[in-house]
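Those protein sequences? They're chains A and B, same order as listed.
Under numbering that gives the first Met the number 0, read the first sequence as residues 0 to 223, first letter to last.
Under numbering that gives the first Met the number 0, read the second sequence as residues 0 to 223, first letter to last.
Number of protein chains: 2
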Amino acid sequence: MKNRLSKTPKRQSRQRRRTKNTHQKLLEAARAVFAEKGMDLARIDEISERADVGKGTFYYHYKSKSQLIQELIKSILSELVATIEDKCRDASDIQSLLYSLIGAHIEFFSKCWEDFVLYFQSRSDLILQDCYIGIETPFAEYLEFIEDLLESVIKHKLPQPALRRIACAITGFVSGYYSFAAIGSQDENIDEAFASLQGAMAASLGRFIQEALPSAETSGNFCK
Amino acid sequence: MKNRLSKTPKRQSRQRRRTKNTHQKLLEAARAVFAEKGMDLARIDEISERADVGKGTFYYHYKSKSQLIQELIKSILSELVATIEDKCRDASDIQSLLYSLIGAHIEFFSKCWEDFVLYFQSRSDLILQDCYIGIETPFAEYLEFIEDLLESVIKHKLPQPALRRIACAITGFVSGYYSFAAIGSQDENIDEAFASLQGAMAASLGRFIQEALPSAETSGNFCK
DNA sequence: GTCGAAACTGACGATAATGTCAATATCGAC
DNA sequence: GTCGATATTGACATTATCGTCAGTTTCGAC
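The structure is reproduced here in structure tokens:
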């Protein structure tokens with residue numbers, strides 16, 4: 000037994016890299032196809048075709064499309080969370096946190112259109128009765144992460160539902176604007192327009208929080 | 000020729016109603032199935048099954064699923080526009096317009112969950128490369144309608160892109176919040192929470208518009 | 001260089017969904 | 001009551017997609 004195990008004690012580098020590469024290629028291809036046809040209508044055939052591997056290879060790496068989606072969403076959201084974490088590290092008041100939070104989303108969405116599409120598609124999927132399994136958790140974690148950030152800069156204790164509402168408002172506003180801008184702005188550069196609104200959005204959300212908080216206390220003076 | 004035409008000069012009431020009814024039943028069934036499985040994964044079989052008619056009947060009324068979707072979206076959005084029109088009729092300043100605009104969306108979304116799902120799904124579909132044809136126009140008209148409303152209460156002339164951005168922000172904020180709330184708020188009543196935020200959203204968007212406008216002029220005093 | 005394990009392949013059977021169509025039912029007009 | 005037009009039906013041919021599997025290739029260890 001031990002002998003058998005010792006036959007492959009550590010994995011080999013070349014083969015290991017090749018495998019990793021295939022895995023990655025499939026993920027990339029899936030991103031592209033998903034952004035074209037949508038998650039539901041994307042065919043495994045096309046994904047493996049575009050990754051330039053046989054269809055069997057797909058099934059060697061992933062149990063099913065559902066599992067691929069799960070992994071993809073998880074990876075996308077954890078990247079988004081990482082971007083947020085990075086950008087918001089030293090925000091200490093609510094105004095600068097909001098600004099950075101929005102900035103992180105702009106940066107993330109602008110960097111890769113496919114990721115935004117996936118982000119939006121899966122949110123859209125989440126409101127269905129029969130949705131892909133396993134994509135709820137990453138979204139919940141993403142919201143929770145934002146809530147933690149908010150909590151750390153808001154002085155007084157807030158009830159959880161209020162925090163959640165604020166987080167929903169922020170993420171909803173940002174992604175909602177972006178998606179509408181994508182379909183609505185015929186010619187102009189979406190990302191540029193988006194970036195130019197960063198300040199306005201932050202101010203606006205600041206105001207939202209101020210108004211939405213049940214407690215009368217005003218820790219910030221968003222209204223100059 | 001004229002004789003032939005005169006054979007069916009006006010349609011008969013009973014048969015007419017029956018047909019209309021079937022048409023409506025199919026539309027209703029589609030709404031329900033779409034909200035369960037999503038537009039892509041909804042099967043014609045299931046729609047006609049749920050409408051309690053033969054599959055052939057579906058194809059008698061609609062050329063294809065694509066056409067059904069087109070009609071459905073069109074009807075939903077024109078209903079939304081009608082709601083907006085009704086609620087915003089006598090809003091004369093920007094603050095009250097925003098308030099009514101949000102109110103109209105809340106009312107509309109709350110009234111029928113299926114409609115919200117369809118609204119959101121089709122927006123999600125619109126950002127894909129290969130999306131259903133014919134759903135772009137209703138959305139464009141919806142945005143344009145909101146722009147017209149905005150224009151009528153904003154004193155000074157705004158460039159079209161700025162108006163569009165504001166419209167995107169409003170609709171994005173409202174629907175974005177609602178969708179996140181739907182997946183994020185585990186227990187509490189979404190509609191109630193949403194309604195309680197109506198004022199905060201309006202104030203917030205007022206602030207957004209104020210900040211986003213390039214011109215320095217301040218017609219409104221949103222900051223008390 | 002040869003052996004075994006891991007990675008890869010694409011043709012194939014099974015399944016599922018689409019859209020068609022010839023036959024049938026319903027209805028109002030005359 | 002019968003005729004033509006309109007509406008409805010579900011079995012069917014067609015097409016698309018899935019997931020499997022027996023066989024092949026790649027690679028590192030010895």
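Backbone N, C-alpha and C define an ideal beta-carbon position, used for all residues, glycine too.
Note to self: Just to confirm, is the Cβ distance from Arg-49 of chain B to Leu-117 of chain B under 8 angstroms?
What the structure shows: no
Next item on the list: Below 8 angstroms CB to CB, which residues in the same chain sit around Gln-120 of chain A once its five sequence neighbours on both sides are set aside?
Entry: Phe-33, Gly-37, Met-38
Check: Does the separation of the CB atoms of Phe-172 of chain A and Gly-171 of chain B fall below 8 angstroms?
Finding: yes
Notebook entry, point to check: At a CB-CB cut-off below 7 angstroms, which residues of chain B make contact with Ala-181 of chain A?
Noted result: Ile-126
Margin query: Below 8 angstroms, how does it come out for the stretch 75 to 95 of chain B and the stretch 83 to 95 of chain A: are there three or more Cβ pairs, yes or no?
Written below: no
Notebook entry, point to check: CB Gln-69 of chain B to CB Tyr-131 of chain B, shorter than 8 angstroms?
Noted result: yes
Check: Got a sec: is the Cβ-Cβ distance from Glu-225 of chain A to anything in chain B below 8 angstroms?
Finding: No answer is possible for residue 225 of chain A: it lies beyond the span of chain A, which begins at 0 and ends at 223.
Notebook entry, point to check: Contact between the stretch 191 to 199 of chain A and the stretch 199 to 215 of chain B: three or more CB pairs below 8 angstroms?
Noted result: yes
Item checked: Exposure of Ser-99 of chain A, with buried meaning 16 or more beta-carbon neighbours within 10 Å -> buried
Notebook entry, point to check: How is Glu-187 of chain A classed by DSSP in three states: helix, strand or coil?
Noted result: coil
Checklist line | Nearest residue (CA-CA) to Phe-193 of chain B, options B:Leu-157, B:Gly-205, B:Ser-178, B:Ser-91 | finding: B:Ser-178
Item checked: Rounded C-alpha distance that separates Ser-65 of chain B from Glu-78 of chain A -> 35 angstroms
Item checked: Sequence ranges, beta strand (DSSP E) only - wholly within the stretch 35 to 88 of chain B, length at least 3 -> none
Note to self: Between the alpha carbons of Tyr-176 of chain A and Ser-174 of chain B, how many angstroms are there, rounded?
What the structure shows: 10 angstroms
Note to self: Between B:His-60, B:Glu-150, B:Ala-180, B:Lys-110, which has its C-alpha nearest Arg-122 of chain A's C-alpha?
What the structure shows: B:Ala-180
Margin query: Taking beta-carbon pairs under 7 angstroms, can you tell me which members of the stretch 111 to 144 of chain A lie near chain B?
Written below: Val-116, Phe-119, Gln-120, Arg-122, Ser-123, Asp-124, Leu-125, Ile-126, Leu-127, Gln-128, Asp-129, Phe-138, Leu-142
Note to self: Can you look up Leu-127 of chain A in the DSSP assignment and give me helix, strand or coil?
What the structure shows: coil
Margin query: Any beta carbon of chain A sitting closer than 8 angstroms to that of Tyr-157 of chain B?
Written below: Looking at the sequence provided, one finds Leu at residue 157 of chain B rather than Tyr. Cβ-Cβ to chain A under 8 angstroms: no for Leu-157 of chain B.
Next item on the list: Entirely within the stretch 90 to 170 of chain A and at least 4 residues each: give me those alpha helix (DSSP H) ranges in chain order.
Entry: 93 to 110, 112 to 125, 135 to 152
Checklist line | Interface flag, Glu-216 of chain B vs chain A, CB-CB below 8 angstroms | finding: The predicted position of Glu-216 of chain B is uncertain, since its pLDDT is 45 and thus under 50; no value can be drawn from it.
Next item on the list: Kindly list, in the order they appear in chain B, the residues whose Cβ is closer than 9 angstroms to that of Leu-196 of chain A.
Entry: Arg-164, Ala-168, Phe-207, Glu-210, Ala-211
Next item on the list: For Leu-196 of chain A, name the three-state secondary structure that DSSP assigns.
Entry: coil
Note to self: Is Tyr-231 of chain B close to chain A? Criterion is C-beta to C-beta, closer than 8 angstroms.
What the structure shows: The shown model of chain B, from 0 to 223, leaves out residue 231 of chain B, and the question about it has no answer.
Notebook entry, point to check: In chain B, which residues lie less than 7 angstroms from Gly-37 of chain A when you measure between Cβ atoms?
Noted result: Asp-39, Asp-124, Leu-127
Next item on the list: Compare the C-beta of Ser-203 of chain A with all C-beta atoms of chain B and state if any pair is closer than 8 angstroms.
Entry: yes
Item checked: Closer than 9 angstroms at the beta carbon, the chain B residues around Gly-171 of chain A -> Gly-171, Phe-172, Val-173, Ser-174, Gly-175, Tyr-176, Tyr-177, Ser-178, Phe-179, Ala-180
Notebook entry, point to check: When the cut-off is 8 angstroms and only beta carbons count, does Ala-34 of chain A lie next to chain B?
Noted result: yes
Notebook entry, point to check: Going by the CB atoms, is the gap between Glu-146 of chain A and Ala-166 of chain A shorter than 8 angstroms?
Noted result: yes
Checklist line | Coil, strand or helix - Leu-26 of chain A by DSSP | finding: helix
Item checked: Rounded separation between Ile-153 of chain A and Ser-91 of chain A - CA only -> 9 angstroms
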